[in-house]
RNA sequence: GGCGCUAUCGUCUAGGGGUUAGGACGGAUGGUUCUCAGCCAUCAGACCGGGGUUCGAAUCCCCGUAGCGCUACCA
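Below, the structure is given as structure tokens:
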């Protein structure tokens with residue numbers, strides 16, 4: 056509907072996300088997928104998922120699963136695939152053979168050991184190493200003879216001279232002198248294709264029009280463009296995304312903390328929040344909007360608006376966005392989300408289910424907890440005292456409000472206050488916020504004391520912490536019977 | 001070392017010849033208040049350096065510097 060840009064006709068825009076299944080879905084990979092997805096959706100294009108599993112040693116099925124799970128969780132849906140690159144190896148080999156036949160590639164008998172040795176020597180001498188094309192100079196007869204003798208040979212691409220330039224959709228004009236590019240290996244001596252070959256062969260076959268990937272691929276791009284040309288194919292457009300950085304401005308990695316998408320899920324982040332945060336890492340709509348739905352992003356997304364500078368992953372901001380999303384969530388939705396956690400803690404019961412006797416009440420508890428929750432995991436942490444009598448008095452709360460002080464007196468006096476409060480609350484009817492508040496304040500006033508002298512110990516009696524939603528809100532939520540019992544319990548604890 | 005990319009508050013960013021350089025997170029202060037969170041208000045906080053072009057440069061160009069990335073028969 057909106058695809059009238061040049062290049063979008065005749066088949067439309069096709070992009071791909073091509074992770075290698077050697078681990079979890081990294082947030083950097085997630086963001087790459089996200090930008091590809093946004094771009095495809097913006098232009099009514101096709102988003103292809105391709106698993107680059109040509110490194111059989113390191114690729115695992117578990118990794119494929121976690122990547123797929125991560126994408127699905129983020130709400131990134133693919134139109135085609137997942138395709139497994141390893142299954143396309145024959146096609147990759149065929150391309151290499153063709154280049155060989157056309158004289159655009161050649162056999163190389165140099166051993167990995169020899170190459171390593173030469174490289175190390177050059178490095179020691181302080182000079183840059185590039186493959187010396189020793190095997191390019193071999194006489195055709197000799198090559199044939201050694202091949203016939205069964206000597207293992209890699210296939211190298213003969214990199215043509217001259218500049219290679221492209222108009223990067225993020226960076227603008229970018230160019231390399233191909234003199235600095237060595238003759239890359241297309242086929243290893245065991246006959247398996249390497250990344251650059253497989254990538255180009257598949258992108259050609261899948262008719263990819265836009266390659267949107269990380270900045271770390273910039274130096275692969277001239278090699279691949281040369282390969283496209285050699286293969287007689289039109290190179291796609293390229294867009295290189297800035298890297299996600301840690302606080303030290305180095306590429307985000309495990310030593311910076313959590314880097315996997317599923318890890319953020321487990322830590323209580325909402326997929327919409329992570330998606331939103333990741334999108335804003337390097338891209339902005341330009342009008343100051345921050346909290347945006349996918350649809351709003353799709354409506355205004357352009358690759359040109361992506362920043363060229365690497366962006367530091369700031370978890371504080373993620374947490375803030377997450378709290379915004381949590382606030383918008385109906386408590387019934389939150390109930391569904393926290394249920395597994397509560398079940399694990401043995402705190403769930405059937406009457407909390409939809410339609411259950413305590414359902415309404417439970418939703419009110421969640422509602423009360425919502426404003427101060429930054430992550431979903433906060434609910435499981437805070438909801439305990441509402442569901443069970445088995446909760447502890449937090450040491451920091453005891454330290455803050457139950458220690459003897461000139462103003463509040465010692466434990467005996469605090470306990471006496473709690474008992475007075477208990478007596479007064481026992482008479483409150485109905486037991487709602489207005490009436491309980493009137494009772495407590497009336498009691499304090501009558502004794503010429505600040506209400507806080509009753510409120511703080513009451514909070515600890517009710518939930519064990521120095522922090523909670525409004526005191527009368529939780530008082531009503533805990534309910535009369537249980538509140539009175541808890542006042543007794545704390546009074547007993549103090550004496 | 002070589003090649004490449006990048007450079008606006010601590011962080012994410014807007015702006016792209018003339019602006020009091022705007023917003024958000026985080027921080028600080030005040031207000032609301034029973035705590036915390038929230039909310040409201042206010043404050044502090046930036047154009048890497050040097051040259052050029054220009055009446056005028058954060059913005060365009062060059063040089064430098066710094067950071068990062070790549071430099072595999074990994075992807």
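In the numbering used here, the protein residues as written are 56 to 550. Beta carbons are placed, not taken as given, at the ideal position from N, Cα and C, and that holds for glycine. The structure presented is a predicted model; accordingly, all values stated were derived computationally and were not measured.
Query, Result
"How is residue 163 classed by DSSP in three states: helix, strand or coil?", "strand"
"Measuring only the C-alpha atoms, how far is residue 432 from residue 128?", "17 Å"
"To the nearest angstrom, report how far apart residue 285 and residue 382 are at their CA atoms.", "55 Å"
"Name, in chain order, the residues that DSSP records as bridge partners for residue 223.", "227"
"Can you give me the C-alpha to C-alpha distance between residue 535 and residue 522, rounded to a whole angstrom?", "20 Å"
"Could you check whether the Cβ of residue 401 sits closer than 7 Å to any heavy atom belonging to the ligand HEM?", "This structure lacks the ligand HEM, and indeed carries no ligand of any kind."
"Would a C-beta distance cut-off of 8 Å place residue 268 and residue 87 closer than the cut-off?", "yes"
"Specify, as a first and last residue, the run of the alpha helix (DSSP H) that residue 125 falls within.", "116-129"
"Is the beta carbon of residue 338 closer than 8 Å to that of residue 377?", "no"
"From the DSSP output, in three-state form, read off residue 440 for me.", "helix"
"Can you give the Cα-Cα distance for residue 543 and residue 394, rounded to whole angstroms?", "31 Å"
"So the alpha helix (DSSP H) residue 469 belongs to, where does it begin and stop?", "466-481"
"Taking only three categories from DSSP, how would you classify residue 98?", "coil"
"On the DSSP bridge list, what partners appear for residue 72?", "104"
"Out of curiosity, what's the CA-to-CA distance linking residue 166 and residue 256?", "26 Å"
"Would residue 215 pass as a contact of residue 230 if the rule is Cβ separation under 8 Å?", "no"
"Measure from the alpha carbon of residue 103 to the alpha carbon of each residue in 93, 111, 472, then state which is nearest.", "93"
"Should the region 199-212 be regarded as contacting the region 236-246, the criterion being three or more beta carbon pairs within less than 8 Å?", "yes"
"Where does residue 144 fall in DSSP's three states?", "helix"
"Check whether the region 289-304 and the region 218-229 are in contact - that is, three or more C-beta pairs closer than 8 Å.", "yes"
"Rounded to a whole number of angstroms, what is the C-alpha to C-alpha distance between residue 424 and residue 354?", "34 Å"
"How is the alpha helix (DSSP H) around residue 490 delimited, first residue to last?", "488-501"
"Is it buried or exposed, residue 59, if we count other Cβ atoms within 10 angstroms and call 16 or more buried?", "At residue 59, the pLDDT of 36 sits below 50, so the modelled position is not reliable; the number obtained from the coordinates is stated separately. Exposed."
"Using C-beta distances below 6 Å, list every residue in its chain close to residue 533, excluding the 5 sequence neighbours before and after it, in chain order.", "517"
"Write down the C-beta distance between residue 253 and residue 140 rounded to the nearest angstrom, noting that I regard them as a contact closer than 8 Å.", "6 Å"
"Can you look up residue 434 in the DSSP assignment and give me helix, strand or coil?", "helix"
"Enumerate in chain order the residues of its own chain whose CB-to-CB distance from residue 580 is below 7 Å, with the five nearest sequence positions on each side excluded.", "Outside the shown range of the chain, which is 56 to 550, sits residue 580, and nothing can be said about it."
"State the start and end residues of the unbroken alpha helix (DSSP H) segment that holds residue 623.", "Nothing about residue 623 can be read from this structure; the chain reaches only from 56 to 550."
"Restricting to Cα atoms, I'd like to know which of 539, 260, 332, 468 is closest to residue 508.", "468"
"What residues are listed by DSSP as bridge partners for residue 170?", "None; residue 170 has no bridge partner."
"Give me, in chain order, the residues of the same chain whose beta-carbon lies closer than 7 Å to that of residue 189; leave out the 5 immediate sequence neighbours on both sides.", "165"
"Are residue 263 and residue 71 closer than 8 Å when you measure CB to CB?", "yes"
"Compute the Euclidean distance between the alpha carbons of residue 217 and residue 351, then round it to the nearest angstrom.", "44 Å"
"Are there 16 or more other CB atoms within 10 angstroms of the CB of residue 437, so buried, or fewer, so exposed?", "buried"
"Suppose contacts are defined by Cβ-Cβ distances below 8 Å. Is residue 113 in contact with residue 137 by that definition?", "no"
"If you draw a straight line from the alpha carbon of residue 64 to that of residue 357, how long is it in whole angstroms?", "Because the pLDDT of residue 64 is 41, which lies under 50, any placement of that residue in the model is unreliable, and the question is left without a value."
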